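Colleague: Please see the structure below; I have some questions.
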Amino acid sequence: MLAPAKISKPQNFSTSLIKRKLEPYGFISPTVLLLLLLMVIPVFLVIRYSFMDNVIVNQNPLFVGLENYRTMIADERFIIAVKNTAFFTIVSVIAHLIIGLSFATLLNSELLSKTTRTIYRMIYILPWLFTVAIIAILWRMILNPLGVLNYIIMSLGISQNQTEWLSSESTALLAVTFINIWAGYPFYMISLLAGLQGIPKDLHEAALVDGATGLQKFWNVTLPHLKPLIISMSILDLIWTSQQFALIWMTTGGGPLTSTEMLGTYTYKLAFSQYEFSQASTSAVFLFLISMGLALVYNRTQRAREQ
Amino acid sequence: MTVGSARKRRIHKSGVLIVISLGAIFAGFPVFWMFVNSFKPNSEIFAFPPKIISPNFTLDAYFEIFNNPEKVRFFINSYIVAICVTLLTLLIALQTAYAFSRYRFRGKGLVNMVIITLQSVPPITLMIPYFSLVVTLKLYNTYQGLILTHMVFTLPYAVIMLTGYLNTLPRELDEAVKIDGGSALTALWRILVPISIPGIVSVGIYTFMISWNEFLFALTLTKTQEMRTVPIGIQLLMGQHSYEWNQMMSMSILGSIPVLALFLLFQRYFLGGLTSGAVKA
């Protein structure tokens, strides 16, 4: 096997050098081609659409400058969608963090046996193993006016009304936010649990020797250690949650009226119920810019961590 | 340890147990409720007071799905799409990750940055151009259309994770293959892939999950009943006049089995891969 390599001529050597130079491009080309065709080009297309009058429907669309953006900002429904998305996203991220951290701390408790912890970890991860479509249907059943949640509330004597959680304007936004909180905390929990287990034991022991209480230990040892992880997960969660579409679409569809309208459902409706593709592209670009802004912040924090 | 502190410890332990059990109700009850309701006749879903196990316990909701070829088709579609996406993603991503891990080349930094950034592009932003693009490419309402669009989101993730994994393997391994006259591809597939199985499995499972769960593209890029996947199929059970709640629950259970099974079988790889991803990504 060694022989051919030894007698290779200089000419062969130079062709193999070129081959070696080109080789990585060969390896990355399928990924690059696919992402170019289905990611980069579509992004440019959607940006272009947002400057035209109605594309797809219109054969020869005209360039209209910022007209679509002006229409969007003047649209009351858009403003409501922005507000709802902000509420939904910020409340979800904060709750995910608090619940994820509490559950991770519980699952890391040394007071419980390893088996107990494993069983509870399994239960706590459950919401994460179901797809959004299933989660939406499941909670529609639980939150139904005749559903089990109202039964529990009524039998505990908290309220005597059969609340229509998802179909009354006053509770729908809270209800979808709650569902999203339930569905999303395990991701934090798993990561934070790994983070907790990575804290060196002697740090805690040192704090104990210094006479720190449990709470002091948490503030001064645990939280600083988890901070980088918490920051990067929160930014990722902000990106994902602000893009949420399927959960809203399958629980309330943005309603009743506009009470749970979000940027995702707003954009989808403009495109596929009203066929206003240019106007839809405009709000799609808006959502894209928010995500890119957050992604930029994320990359910064990651680079800062690596240094 | 004194008697007092032992007692204190016991009280603490019961406190932790109570709190952790309350948390488990929050996390687990909805799933438990889905499970028990899949064994009830539809008329008893909203019985008042609700029953955990109905005296009319029935497997009808499951038979209704198995006996209906249209509904079985949702599952077949989901399996075809998710398995193809997983295999193709791994095949392509491994080669790309190999180039990122083992070569220095012009444009590497740029491509790498683009791949990382593309992960944050909202699917809904791509939706509108896809609609015309997929029609132009004659991929509307086809498996290929779904597979390719799902891969837009699985590939970047897989490339990043696998590059990280390959970076941990010593370069001497593939250098040895090349000294023996083997090509880079031999080094990748014969030497590196077999020892990267844990990493590949965790990336594979996650890829499968993304594709199995995908909703938006499946909703807009397919049209006919026989091309629909499970997430859309569940939505289709919400009829115009009546909701087949028990069937929606049995379909949810059946639709979750692949992910639950993968999770149980490969729990260690799975959690390891996810958390290292969250820390590194």
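Residue numbers (our numbering), protein chains in the order written: chain Z, 1 to 307; chain A, 1001 to 1281.
Using N, Cα and C, we set each Cβ at its ideal position, and we do this for glycine too.
None of the values given here were measured: they were computed from a predicted structure.
(1) Please report whether the beta-carbon of Lys9/Z lies at a distance below 8 Å from any beta-carbon of chain A.
(2) Can you name the residues that DSSP bridges to Phe63/Z?
(3) Quick check: what's the CA-CA separation for Ala133/Z versus Ile1076/A?
(4) State yes or no: is the C-beta of Ala183/Z within less than 8 Å of the C-beta of Pro145/Z?
(5) Look up Met1238/A in the DSSP assignment and say whether it is helix, strand or coil.
(6) Give the DSSP bridge partners of Tyr1103/A, in chain order.
(7) Should Met1209/A be labelled buried (16 or more other beta-carbon atoms within 10 Å of its own) or exposed?
(8) Mind listing, in chain order, the continuous alpha helix (DSSP H) runs of no fewer than 4 residues lying wholly within the region 1120-1151 of chain A?
(9) Using only the alpha-carbon positions, how far apart do Asn108/Z and Phe78/Z sit?
(10) Taking the CB atoms as reference points, tell me whether Ser278/Z and Tyr49/Z lie closer together than 8 Å.
(11) How far does the alpha helix (DSSP H) with Gln197/Z in it extend, from its first residue to its last?
(12) For a contact defined as C-beta to C-beta under 8 Å, what are the partners of Phe88/Z on chain A?
(13) Taking 7 Å as the limit between beta carbons, can you name the residues of its chain near Gly293/Z, skipping five residues before and five after?
(14) What does Asn1037/A reach in chain Z if we use C-beta pairs closer than 8 Å?
(15) Let me know the secondary structure DSSP gives Tyr275/Z once reduced to three states.
(16) Using a Cβ-Cβ distance cut-off of 8 Å, determine whether Gln1235/A contacts chain C.
(17) CB-CB under 7 Å to Lys1013/A, same chain, minus the five flanking residues each way: which ones, in chain order?
(18) Specify, as a first and last residue, the run of the alpha helix (DSSP H) that Asp75/Z falls within.
(19) Just to confirm, are Ala1024/A and Asn1246/A a CB contact at a threshold of 8 Å?
(20) Can you grab the Cα-Cα spacing for the pair Leu226/Z / Gln302/Z, in whole Å?
(21) I'd like the list of long-range same chain contacts for Glu261/Z, defined as Cβ closer than 7 Å, with 5 residues on each side in sequence excluded.
(22) Could you tell me if Leu35/Z is buried or exposed, where buried requires 16 or more neighbouring beta carbons within 10 angstroms of its beta carbon?
(23) Distance cutoff 8 Å, beta carbons only. Does Phe63/Z sit that close to anything in chain A?
(24) So Tyr1269/A and Ser1202/A are supposed to be a Cβ contact under 8 Å. How far apart are they, rounded?
(25) Nearest to Pro1050/A by CA position, among Lys1040/A, Leu1059/A and Thr1058/A, is which residue?
(26) Among Val91/Z, Leu17/Z, Val43/Z and Leu174/Z, whose alpha-carbon lies nearest the alpha-carbon of Ser234/Z?
(27) With distances taken from CA atoms, which of Thr1089/A, Arg1106/A and Met1127/A is nearest Gly264/Z?
(28) Hey, is Phe1217/A's beta-carbon within less than 8 Å of any beta-carbon in chain Z?
(29) If we define contact as Cβ-Cβ less than 8 Å, is Val1279/A a contact residue for chain Z?
(30) Whole angstroms are fine: how far does the CA of Met122/Z sit from the CA of Ala136/Z?
(31) Quick check on the DSSP output: the alpha helix (DSSP H) that includes Thr213/Z runs from which residue to which?
(32) Would you check if there are 3 or more beta carbon pairs closer than 8 Å linking the region 1153-1160 of chain A to the region 1080-1099 of chain A?
(33) Along chain A, in chain order, which residues have C-beta atoms closer than 8 Å to that of Tyr275/Z?
(34) In whole angstroms, what is the alpha-carbon distance linking Ala95/Z and Tyr185/Z?
(35) Of the choices Phe1263/A, Val1259/A, Phe1029/A and Leu1254/A, whose alpha-carbon is the least far from that of Trp139/Z?
Modeller: With the given structure in hand:
(1) For Lys9/Z, the predicted structure reports a pLDDT of 47, less than 50, and the residue's modelled location is therefore unreliable. The matter cannot be settled from this model.
(2) DSSP output for Phe63/Z lists Met52/Z as bridge partner(s).
(3) 17 Å
(4) In this structure, Ala183/Z keeps its C-beta atom at 8 Å or more from the C-beta atom of Pro145/Z.
(5) Three-state DSSP puts Met1238/A in a strand.
(6) The partner list for Tyr1103/A (beta bridge, DSSP) is empty, contrary to what the question assumes.
(7) buried
(8) Counting only runs of 4 or more residues that sit fully inside the region 1120-1151 of chain A, the alpha helix (DSSP H) segments are 1123-1136, in chain order.
(9) Computed Cα separation, rounded: 44 Å.
(10) yes
(11) Ala172 to Gln197 is the extent of the alpha helix (DSSP H) around Gln197/Z.
(12) Within 8 Å Cβ-Cβ: nothing; Phe88/Z doesn't reach chain A, min ~15 Å.
(13) none
(14) Per Cβ cutoff of 8 Å: Met141.
(15) coil
(16) Among the protein chains in the structure shown, which are Z and A, there is no chain C.
(17) none
(18) Looking at the DSSP string, Asp75/Z is not in any alpha helix (DSSP H), and its letter there is neither H nor E.
(19) Taking 8 Å as the Cβ cut-off, Ala1024/A and Asn1246/A do not qualify as a contacting pair.
(20) 14 Å
(21) Arg77, Ile80, Ala81, Asn84 and Gly254
(22) buried
(23) no
(24) 4 Å
(25) For Pro1050/A, the nearest C-alpha among the options comes from Lys1040/A.
(26) Val91/Z
(27) Met1127/A
(28) For Phe1217/A, no Cβ of chain Z is located within less than 8 Å of the residue's own Cβ.
(29) Because Val1279/A sits at a pLDDT of 39, beneath the cut-off of 50, its placement in the model cannot be relied upon, and the point is left open.
(30) 21 Å
(31) Segment: none, Thr213/Z is in no alpha helix (DSSP H) and carries neither H nor E.
(32) yes
(33) Result: empty, since nearest Cβ-Cβ is about 11 Å, beyond 8 Å.
(34) About 8 Å.
(35) Phe1029/A
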